[in-house]
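>
Number of protein chains: 2
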Amino acid sequence: MTLRIGVDVGGTKILGVAVDETGRETASVRRPTGWGADAVADGIAAVIDELAVPAGSVSVGIGVPGQIVPGSGVVEHALNLGIERSDLAAAVAGRTGIRPAVDNDVRCAAVGARALLPGLESLAYLNLGTGIAAGIVDATGPRRGTRGAAGEIGHVSIDPAGPACRCGQRGCIEALAGGGAVAQRWGRPADLPVRDVFDAADGGDVRAAELRADLVRGVAGAVQLLVLTTDVDAVVLGGGVAGLGDRLLEPVRTALAASAAASPFLRSLRLAGRVVLVPQGVAVGALGAALTPDAVPHDLVTRRAAAG
Amino acid sequence: MTLRIGVDVGGTKILGVAVDETGRETASVRRPTGWGADAVADGIAAVIDELAVPAGSVSVGIGVPGQIVPGSGVVEHALNLGIERSDLAAAVAGRTGIRPAVDNDVRCAAVGARALLPGLESLAYLNLGTGIAAGIVDATGPRRGTRGAAGEIGHVSIDPAGPACRCGQRGCIEALAGGGAVAQRWGRPADLPVRDVFDAADGGDVRAAELRADLVRGVAGAVQLLVLTTDVDAVVLGGGVAGLGDRLLEPVRTALAASAAASPFLRSLRLAGRVVLVPQGVAVGALGAALTPDAVPHDLVTRRAAAG
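Chains P and F are the protein sequences, given in the same order. If you count by full-length UniProt numbering, then the first sequence holds residues 1 to 308, one letter each, in order. If you count by full-length UniProt numbering, then the second sequence holds residues 1 to 308, one letter each, in order.
#1: Quick one: list the residues of chain B neighbouring residue 167(F), beta-carbon separation under 7 Å, in chain order.
#2: Tell whether a beta-carbon distance below 8 Å holds between residue 231(P) and residue 146(F).
#3: Is the stretch 110 to 124 of chain P in contact with the stretch 218 to 237 of chain P, if contact means three or more CB pairs nearer than 8 Å?
#4: Residue range of the alpha helix (DSSP H) that residue 317(P) falls in?
#5: State yes or no: is the beta carbon of residue 152(F) nearer than 8 Å to at least one beta carbon in chain P?
#6: Please say whether residue 136(P) and residue 149(P) have beta carbons closer to each other than 8 Å?
#7: Measuring only the C-alpha atoms, how far is residue 303(P) from residue 297(F)?
#8: Can you name the residues that DSSP bridges to residue 104(P)?
#9: Leaving out the 5 sequence neighbours to the left and right, which residues in its chain are closer than 6 Å to residue 28(F) when beta-carbon positions are compared?
#10: Going by DSSP in three states, residue 207(P) sits in which element: helix, strand or coil?
#11: At the 8 Å Cβ level, is residue 145(P) part of the contact set with chain F, yes or no?
#12: Taking C-beta pairs closer than 7 Å, name the residues in chain P that residue 159(F) reaches, listed in chain order.
#13: With 16 other CB atoms within 10 Å as the buried threshold, where does residue 226(P) fall?
#14: Measuring only between beta-carbons, confirm whether residue 259(P) sits less than 8 Å from chain F.
#15: Which residue or residues does DSSP assign as beta-bridge partners of residue 134(F)?
#16: Which residues share a DSSP beta bridge with residue 86(F)?
#17: Can you round the beta-carbon distance between residue 170(P) and residue 161(P) to whole angstroms, since I take them to be within the 8 Å contact cut?
#18: Roughly how many angstroms lie between the CA atoms of residue 176(F) and residue 187(F), to the nearest whole one?
#19: What residue range is occupied by the uninterrupted alpha helix (DSSP H) comprising residue 250(P)?
#20: If we ignore side chains and look at the alpha-carbon of each, how far apart do residue 68(F) and residue 75(F) end up?
#21: On the three-pair Cβ rule with 8 Å, is the stretch 46 to 54 of chain P touching the stretch 82 to 99 of chain P?
#22: Which runs of the alpha helix (DSSP H), 4 residues or longer, sit entirely within the stretch 9 to 52 of chain F?
#23: Can you list, in chain order, the residues of its chain with a C-beta nearer than 6 Å to that of residue 143(F)? Leave out the 5 residues immediately preceding and following it.
#24: Going by C-alpha distance, which of 6(F), 31(F), 285(F), 25(F) is nearest residue 14(F)?
#25: At the level of alpha carbons, what is the spacing between residue 92(F) and residue 24(F)?
#26: Quick one: what's residue 277(P) bridged to in DSSP?
#27: Return the residue from the list 54(F), 195(F), 103(F), 141(F) that minimises the CA-CA distance to residue 129(F).
#28: Excluding five sequence neighbours on each side, which residues of the same chain lie with their C-beta closer than 7 Å to the C-beta of residue 221(F)?
#29: How would you list, in chain order, the residues of chain F whose beta-carbon sits under 9 Å from the beta-carbon of residue 231(P)?
#30: Under a CB-based cut-off of 8 Å, is residue 156(P) close to chain F?
#31: Output, in chain order, the set of chain F residues within a Cβ distance shorter than 9 Å of residue 224(P).
#32: Name the chain F residues whose beta carbon is nearer than 8 Å to that of residue 122(P)?
#33: So who's on the other strand from residue 3(P), going by DSSP bridges?
#34: Is residue 5(F) closer than 8 Å to residue 40(F) when the C-beta atoms are compared?
#35: Can you name the residues of chain P whose CB is closer than 9 Å to the CB of residue 228(F)?
#36: Where does residue 72(P) land, buried or exposed, given buried means 16+ other C-beta within 10 angstroms?
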């Protein structure tokens, strides 16, 4: 029986989980992330070593906020981690003796969401965080695309008259609905700027209501675009902004239903019913990393015996 | 050696081709399409019978302008053919003794385009016709989605202030760039309304220049959205409007390069270099139907012997 370890590497913390044969989490470990390729690899290795202790056979999957060179364990553009390019799989294998599968963190979350929602054959996990990206997964596994960049929909523009985006365009999905963009436009310091915007909008603040409306139309636009392009069963909302729960989901569903009101075609897609929140209370990114199809079992018993 | 027959069913004509083992077309047959499920099945069967004559083993693939119920040969919403719902595979099998694979026509064209462009591992075929739709294909075959509707991007809105669409939204890709929408907005009778618009725009007509600019930004928006969502190697432009060739491709590439000018991220995607025209002079839809992976070989020799 192989113990499946999943490691979700975020900008602040590394979360490792051990998953049993039924897909349930049996142990978890957290460490601060550190900065730069060596520190990150050290932290990941320490998490793996701690979780692997009782096991005879172990596989490891790692989710990182960056782009993976397809067919390799090389991570690029993981700016949150201070990594421009690093062969992370080799670095971790060198430290632990276990070669991990490495994938993009949002794609791992999509794998995890699919495991938690067995009624869905295919889904897009729409990560609503500082930025916006989607991971697409179906019965054959994660859909990565040729460069591993499938689902990077943050910079699709859906309104040429919309707010300016740091990417140079206007009205990108990320400029409308990204947590960072909303916080910047709101301009007031807050622990959770998007929640602050929603609270102020509920309280009658006109500017906040405008920002909230932009966020909602950005999310609704992302849902529609994902369903129309990839025909997934559902779009699962996750990430920090999705922590708003029904305060986010209800207006998004209302926006989708409103677009459908004038269009039998859109009505037939039943978009409002095809967007759901990720189940709360589960580390979906780490779970998905543990379940990623590319993780290879390693026999530790023999290895320990050989080490004497 | 199995003779692969591909049938492309359009609103006006049915085109059948026979394809040899190297993937080249060796024979072709045309018939008018007819209206309604029976007439269409009769026409398809006649084309198959004519092409199958010399062969011992035959497989048949059919591309239709409609949605296929996944895992079946049932076609729905083929409005151009007067078919709301029909088990076309069964109807053709009943008439010919050969059970065909049936798929959406744009998806068949994507399969055909990929066969003609062996340097591309994955691509989206963007059909620029009366309406707009895409077929997505990679090394594993056509990407259909759960309902077979993947690629139906005509009704993704990229400009809430854009022209009204028959689907009820504004600024849909189809309202900007669909041949039918452009013809309706132009309002002047012409054999090829979009060509007429391009000619008038070249001649200095302001209204035509506006319509052309909308068409170009709709196509460029479609290319960007397909690449960002699915990370295909390239987007291949086909369909009637793509018959404009470089008169269409050049301004689309210019528009993509202009968006990239302000954005290192978009520049890194090299979108302008990732859009190409479908090779001319080949019936790409019928070719793709012939090559569709689901077409099953049928042994005709035994069948003819048994028939006496």
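In this text, a Cβ means the ideal position worked out from N, Cα and C, and glycines have one as well.
Reading from the atomic positions:
#1: Note that chain B does not occur in the displayed structure, where the protein chains are P and F.
#2: yes
#3: Contact holds: three or more Cβ-Cβ distances are below 8 Å.
#4: No statement about residue 317(P) is possible, as the shown extent of chain P runs from 1 to 308 and does not include it.
#5: yes
#6: Cβ distance not < 8 Å, so residue 149(P) and residue 136(P) don't count as in contact.
#7: 51 Å
#8: 64(P)
#9: Counting only Cβ-Cβ distances below 6 Å, and skipping sequence neighbours, we find 17.
#10: helix
#11: Closer than 8 Å: yes.
#12: 159, 160
#13: With 16 or more Cβ atoms within 10 Å of its Cβ, residue 226(P) is classed as buried.
#14: Yes, because at least one Cβ of chain F sits closer than 8 Å to the Cβ of residue 259(P).
#15: 126(F)
#16: Checking the DSSP bridge columns, you'll see residue 86(F) partnered with 75(F).
#17: Contact annotation, residue 170(P) with residue 161(P): C-beta distance approximately 7 Å; criterion of less than 8 Å satisfied.
#18: 15 Å
#19: 246 to 261
#20: 5 Å
#21: By the Cβ rule, the stretch 46 to 54 of chain P counts as touching the stretch 82 to 99 of chain P, because three or more pairs are nearer than 8 Å.
#22: 37 to 52
#23: 136, 150
#24: 31(F)
#25: 24 Å
#26: 237(P)
#27: 195(F)
#28: Sequence-distant partners of residue 221(F) (beyond 5 residues in either direction) whose C-beta falls short of 7 Å from its own C-beta, in its chain, are 158, 173.
#29: In chain order: 143, 144, 145, 146, 147, 148, 149, 150, 151, 152.
#30: yes
#31: 155, 156, 157
#32: 145, 146
#33: 58(P)
#34: no
#35: 149, 150, 151, 152, 153, 154, 155, 156
#36: exposed
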